[in-house]
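Asker: The sequence shown begins at 158 in my numbering and counts up by one.
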Amino acid sequence: GLATDVDVKITDISGKLVYGTKAFGGQAIWDGKNLGGQKVKTGVYLIFCTDESGENTKVLKLLIIN
């Protein structure tokens with residue numbers, strides 16, 4: 158689980174922001190759609206989880222296959 162009130166940003170491998178949300182209660186949910194509501198393409202995506210202070214960031218990789 159995530160810490161409470163973590164900012165979550167998902168980018169494609171080139172760094173373009175695909176989705177952003179806040180993890181309330183230690184959980185963030187992404188439906189695989191971009192900010193425009195379209196299903197993202199097959200590829201590697203980076204998930205950045207940053208605490209409220211901005212001091213701690215965790216980066217995860219996610220592979221989407223459609």
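Yeah, the Cβ is synthetic: ideal placement off N, Cα and C, and Gly gets one too.
What is the DSSP secondary structure of glycine 182, reduced to helix, strand or coil?
Answerer: helix
Asker: Helix, strand or coil for lysine 190, going by three-state DSSP, please let me know.
Answerer: strand
Asker: Residues in its own chain within less than 8 Å of alanine 160 by CB, not counting five upstream and five downstream?
Answerer: For alanine 160, where only same-chain residues beyond five positions count, the Cβ hits under 8 Å are Ala180, Gly183 and Asp208.
Asker: Going by DSSP, name the residue or residues bridged to isoleucine 221.
Answerer: Gly200
Asker: Using the C-alpha atoms, what's the distance from isoleucine 204 back to leucine 219?
Answerer: 7 Å
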